[in-house]
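Colleague:
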Amino acid sequence: MNLIEKVNDSNTSDDFKIQDNNDTNLVKEDLSSDSRQNQSNIVDKLIEKNEKILNLPINIAVELGGLKVKIKDLLNFSVGTMLSLNESPEDFLKIFANGKLIGLGEIVVSQKKYGIRIISMKKNLNSVNNQ
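In my numbering, the protein residues as written are 8 to 138.
1. Kindly list the residues whose CB is nearer than 6 Å to the CB of Ser-91, restricted to its own chain and excluding five residues on each side of it in sequence; keep chain order.
2. Would you please state the rounded distance, in angstroms, between the beta carbons of Phe-99 and Gly-112? I believe it to be under 8 Å.
3. Apart from the five residues on each side of it in sequence, which residues of its chain come closer than 6 Å, Cβ to Cβ, to Leu-38?
4. So Ile-114 and Ile-125 are supposed to be a Cβ contact under 8 Å. How far apart are they, rounded?
5. Rank Asn-62, Leu-71, Val-76 by C-alpha distance to the C-alpha of Tyr-121 and give the top, closest one.
6. In whole angstroms, give me the CA-to-CA distance for Met-128 and Glu-97.
7. Out of Lys-130, Gln-118, Gly-106, which has the shortest C-alpha to C-alpha gap to Ala-68?
8. Could you compute how far the alpha carbon of Gln-118 sits from the alpha carbon of Asn-48?
9. Return the bridge partner residues of Leu-4 from the DSSP annotation.
10. Out of curiosity, what's the CA-to-CA distance linking Ser-42 and Asn-93?
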């Protein structure tokens, strides 16, 4: 049972105070404790799911350039055929993760292997929950 008493007798304010009996307070504390435990369990499960997601392998591809050709020209390709791409050597390369554009980069050579230096990245890439 709730008791309501007027806190301020001023004509301009209608502030009221609600007093709960002891049984209601005990139930609220029990629910509050269960709720906190539930929230903790939910947070633990989300962390576990994120850890699994963060450890999934992803395919990274870098696009040097592209061009369109007619099928008849494609059928004439042979060893030694030269393909002139639409991009210039100064253009940045597109970096894809599982087919989605995530950034731009430039070619570098490191320890006799090609590499890509990232020049720019999509801003929302670091957020797992954006999707």
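Even for Gly, the Cβ is constructed at its ideal location relative to N, Cα and C.
Modeller: With the given structure in hand:
1. none
2. 6 Å
3. The predicted position of Leu-38 is uncertain, since its pLDDT is 49 and thus under 50; a value taken from the coordinates is nonetheless stated next. Here Leu-38 has no same chain residue with a Cβ atom under 6 Å from its own Cβ, once five neighbours each way along the sequence are excluded.
4. Contact doesn't hold; Cβ gap of about 12 Å is too wide.
5. For Tyr-121, the closest C-alpha among the options Asn-62, Leu-71, Val-76 is that of Leu-71.
6. If I take the Cα positions, the gap works out to 18 Å.
7. Gly-106
8. 47 Å
9. Because residue 4 is not part of the residues shown, which for the chain are 8 to 138, the question remains open.
10. Each residue's alpha carbon lies about 60 Å from the other.
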